[in-house]
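Its first residue numbered 0, the sequence shown is counted upward by one per residue in numbering that gives the first Met the number 0. Here's the structure we're looking at; comments come further down.
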Amino acid sequence: MSAGKSGSRAAVAVKRAGRARVVRIIGGTWRGRKVRFPVFNWLGTRTPGARALDLFAGSGALGLEALSRGASHVTFVEQDEAAVRELRARLAEWQAGDARVVRADALRYLAGEARPFDLVFLDPPFASELLGEAARLLEERHWLKPGALIYVECAARAGLPLLPAPWRALRAKQAGEVGYHLFAHTAPVAADTV
0 MSAGKSGSRA AVAVKRAGRA RVVRIIGGTW RGRKVRFPVF NWLGTRTPGA RALDLFAGSG
60 ALGLEALSRG ASHVTFVEQD EAAVRELRAR LAEWQAGDAR VVRADALRYL AGEARPFDLV
120 FLDPPFASEL LGEAARLLEE RHWLKPGALI YVECAARAGL PLLPAPWRAL RAKQAGEVGY
180 HLFAHTAPVA ADTV
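Printed below as a string of structure tokens:
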């Protein structure tokens with residue numbers, strides 16, 4: 000993976016919900032490129048070498064940050080055609096290594112053949128009911144490796160839906176209208192051991 004133009008501080012504006020969002024990478028190989036998110040302080044050393052899934056990718060900010068910080072692979076899943084085009088262009092411009100962009104409905108994607116991940120980013124549209132269903136499919140369809148980390152963003156006011164039992168809360172924070180959560184996937188307890 001190469002940083003592309005060294006020293007470049009180019010920002011890419013992405014239209015979403017009628018307003019431009021700037022993406023700025025804050026650490027790693029592509030530092031100085033515009034992205035957002037404090038989650039990587041929580042992840043610490045878990046990003047390098049990780050296989051990551053950026054579900055409901057939008058601008059791809061979370062997955063791009065993961066690649067910049069050494070993730071070995073990121074799959075981006077987004078259904079909006081314009082966002083997918085922009086993300087593919089950004090990955091090509093930044094000469095991203097092992098990245099895959101899938102234009103698909105996230106829930107339909109999760110209903111397909113599972114390729115387990117070490118790290119999953121869930122940032123669905125806040126006004127939707129997608130978070131609970133995505134969590135259920137991630138668990139039931141075996142998309143999570145043992146010990147996987149799951150980062151969730153949701154509307155703070157709405158709170159979290161019922162999440163799978165093997166998801167153990169590690170961190171949580173609220174900033175304004177947004178709730179940030181980090182979970183670890185633990186092995187389920189067998190019924191005969193209880």
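Where is the CB? At the ideal position from N, CA and C, for every residue including glycine.
Name the residue from the options whose alpha carbon lies nearest to the alpha carbon of residue i.
i	options	result
R99	K172, D122, L66, L129	L66
S127	A88, T185, L159, L61	L159
D53	G43, E176, D104, A157	D104
A110	R156, A164, R135, D79	R135
A154	H141, L143, Y179	Y179
G96	L42, R114, V73, E112	V73
Take the Cβ of residue i as the centre, count every other Cβ of all protein chains shown within 10 Å, and call the residue buried at 16 or more, exposed below.
i	result
R84	exposed
E194	Nothing can be reported for residue 194: it is not among the residues displayed for the chain, which extend from 0 to 193.
G62	buried
R32	Residue placement at R32 is poorly supported in this model, since its pLDDT is 45, which falls under 50; the coordinates still yield a value, given next. Buried, by the Cβ-count rule.
G59	buried
P123	buried
E176	exposed
Over the uninterrupted beta strand (DSSP E) stretch that includes residue i, give me the two end residues.
i	result
R170	166-174
E77	72-77
A51	50-54
Is residue j closer than 7 Å to residue i when the C-beta atoms are compared?
i	j	result
V75	A56	Strictly speaking, residue 75 in this sequence is Phe, with Val absent from that position. Yes, the Cβ-Cβ distance between F75 and A56 is below 7 Å.
L181	R170	yes
R68	L148	no
A133	L143	no
A70	A51	yes
L118	A49	yes
R140	A164	no
Considering residue i, what are the terminal residues of the alpha helix (DSSP H) in which it resides?
i	result
A183	First-last for A183: 177-184, but that is the beta strand (DSSP E), not the alpha helix (DSSP H).
E85	80-92
L109	105-109
A60	60-67
G131	129-139
F125	Element bounds for F125: n/a, residue is neither H nor E.
Less than 6 Å separating the Cβ of residue i from some heavy atom of the ligand NAD?
i	result
A168	The ligand NAD is not among the ligands present in this structure, which contains no ligands whatsoever.
Based on the DSSP secondary-structure assignment, which residues constitute the bridge partners of residue i?
i	result
A98	V73
A157	Answer is none; A157 lacks a bridge partner.
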